[in-house]
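Per the working numbering, the very first residue in the sequence shown carries number 1; after that it's consecutive.
From the three backbone atoms N, C-alpha and C, an ideal C-beta is built for every residue, glycine too.
Let me begin by presenting the structure, written as structure tokens, before commenting on it.
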Amino acid sequence: MIDRIATELPLKAVEAVEAGVRTVWSDGRKSFFHSIWLRDNCYCSQCGDATIGRRTTRLSDIALTISADTVCIDDTGSLSIKWSDGHKSCFDNGWLQTHAYDDKSRCCRSFSSLLWTGEFRKAPVRVLYSNVLDDDGAFLEMLHDIRDHGICFLDDVPQNPDALEQLARRIGPPQESNFGRIQDLIVDRSKRSIANDVAALKPHTDEPYRASPPGLLMFHCLETDITGGGGSIFLDGFEIAETLRAEDPEAFDSLTRNRQCFRRHFTGDVNLITEFPVISLDEFGHINGVRINDRVGAPLSIPSQEVPQYYRGMRRLLSLSEDPARCIVKILRPGDAVIFDNHRVLHGRTALTITGRRWLRWIQVKRGDFHSTLRITAEKLAVPSDLRPLHRGAYG
1 MIDRIATELP LKAVEAVEAG VRTVWSDGRK SFFHSIWLRD NCYCSQCGDA
51 TIGRRTTRLS DIALTISADT VCIDDTGSLS IKWSDGHKSC FDNGWLQTHA
101 YDDKSRCCRS FSSLLWTGEF RKAPVRVLYS NVLDDDGAFL EMLHDIRDHG
151 ICFLDDVPQN PDALEQLARR IGPPQESNFG RIQDLIVDRS KRSIANDVAA
201 LKPHTDEPYR ASPPGLLMFH CLETDITGGG GSIFLDGFEI AETLRAEDPE
251 AFDSLTRNRQ CFRRHFTGDV NLITEFPVIS LDEFGHINGV RINDRVGAPL
301 SIPSQEVPQY YRGMRRLLSL SEDPARCIVK ILRPGDAVIF DNHRVLHGRT
351 ALTITGRRWL RWIQVKRGDF HSTLRITAEK LAVPSDLRPL HRGAYG
């Protein structure tokens, strides 16, 4: 629950009206709250305790026709209500502002990411491993970088295979999958895995065939041959999606409305199939997440009339994802690490030479754990604006 907003306005006037209460703020802005909504959100000592999730008055105990008999602004500046059932409620002005549900208020609370620019691609954010491990302020700044741009590079990571997990656990527990809790990406052509091959790998998001794809991906370079290729590629999926929206709204809309089928079959292990839009939006049209990986797409099954614009949009999106001007290309050296949002940032690899060496350690952390850690750290450092919900990811 969001408790407060960063800047609170005093209440100027309140009025009981049909079906609810109208408030006027000190800047002249008006808000309306339904009676049933206010009564349901009363957490006085009689109704429950929000801090522990206890409710003694449930929605089924409240009449849908409940109304406010009297309303006023009390001595603390809060909204005080006496209800038609005799109960009394008090709502803090900051809490009311934070939870106002008119379209403008909800849109303002909807998180908007910062798209990558040419300047950002030339000089992406870099932080010191020791700083983010030991200092909450530096750690929160790193979390902000991941929240806002979807990516952050780390320098001077110890050449200890356990160093990445130590940082990962600061964000959240490593997520287990059929690949294991930790995966080592080592050039080994005997393995039937493109991750261990030397071939170039086009930019993509990982594992869109899962109902819940990996959230944050973390790579730590333990060994590399800088003359042997194998540069890591990173690309802002939100930026190329917005470019498509501007160029071809019809094709963009088709990729948001129709579901692509993704499949991955590991013989004798798992057989994963799911359907989600390539581009996920929130109710205000903000991009929440992308699933872009044409290597694991299953045959498309959408309404016939949608097929032409869908393929037009997908073809253009893939073309944008291969535009060198939109990519960060970096050979990770021993001691380098990178953390990025798999629901936003595409990653790939340039080809390695036959003798090229490359060892990356790979860990994933759930998005929910990342969001929780960001809020808890912000709360510890008294940064109230970080308590808003963040974009939910590529979940349609």
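Just how far apart, CA to CA, sit residue i and residue j?
i, j, result
"residue 378", "residue 247", "38 Å"
"residue 109", "residue 208", "28 Å"
"residue 9", "residue 17", "22 Å"
"residue 112", "residue 391", "8 Å"
"residue 245", "residue 259", "17 Å"
"residue 298", "residue 200", "22 Å"
"residue 184", "residue 140", "28 Å"
"residue 29", "residue 272", "50 Å"
"residue 295", "residue 198", "17 Å"
"residue 252", "residue 123", "29 Å"
"residue 335", "residue 164", "10 Å"
"residue 81", "residue 171", "42 Å"
"residue 278", "residue 204", "12 Å"
"residue 223", "residue 333", "7 Å"
"residue 321", "residue 371", "27 Å"
Below 8 Å on the Cβ atoms is my contact criterion, and I expect residue i with residue j to pass it. Report the Cβ-Cβ distance as a whole number of Å.
i, j, result
"residue 337", "residue 229", "That belief does not hold up - the Cβ atoms of residue 337 and residue 229 are roughly 20 Å apart, past 8 Å."
"residue 155", "residue 128", "6 Å"
"residue 363", "residue 218", "5 Å"
"residue 359", "residue 186", "5 Å"
"residue 32", "residue 20", "6 Å"
Per DSSP, what kind of secondary structure is residue i in: helix, strand or coil?
i, result
"residue 46", "coil"
"residue 116", "coil"
"residue 204", "strand"
"residue 288", "strand"
"residue 23", "strand"
"residue 97", "helix"
"residue 265", "strand"
"residue 126", "strand"
"residue 371", "helix"
"residue 168", "helix"
Report the residue from the options whose alpha carbon sits nearest the alpha carbon of residue i.
i, options, result
"residue 290", "301, 395, 308", "395"
"residue 40", "147, 361, 62, 83", "62"
"residue 276", "288, 269, 71, 268", "288"
"residue 323", "284, 202, 309, 280", "202"
"residue 85", "69, 77, 74, 75", "69"
"residue 206", "376, 365, 22", "365"
Which residue comes first and which comes last in the beta strand (DSSP E) that contains residue i?
i, result
"residue 274", "270-276"
"residue 325", "Unbroken run through residue 325: none, as it is neither H nor E."
If you follow the alpha helix (DSSP H) that residue i is in, where does it begin and where does it stop?
i, result
"residue 300", "Residue 300 -> no alpha helix (DSSP H), and no H or E assigned at all."
"residue 133", "129-134"
"residue 252", "249-257"
"residue 69", "Not the alpha helix (DSSP H): residue 69 falls in the beta strand (DSSP E), residues 68-73."
"residue 103", "103-109"
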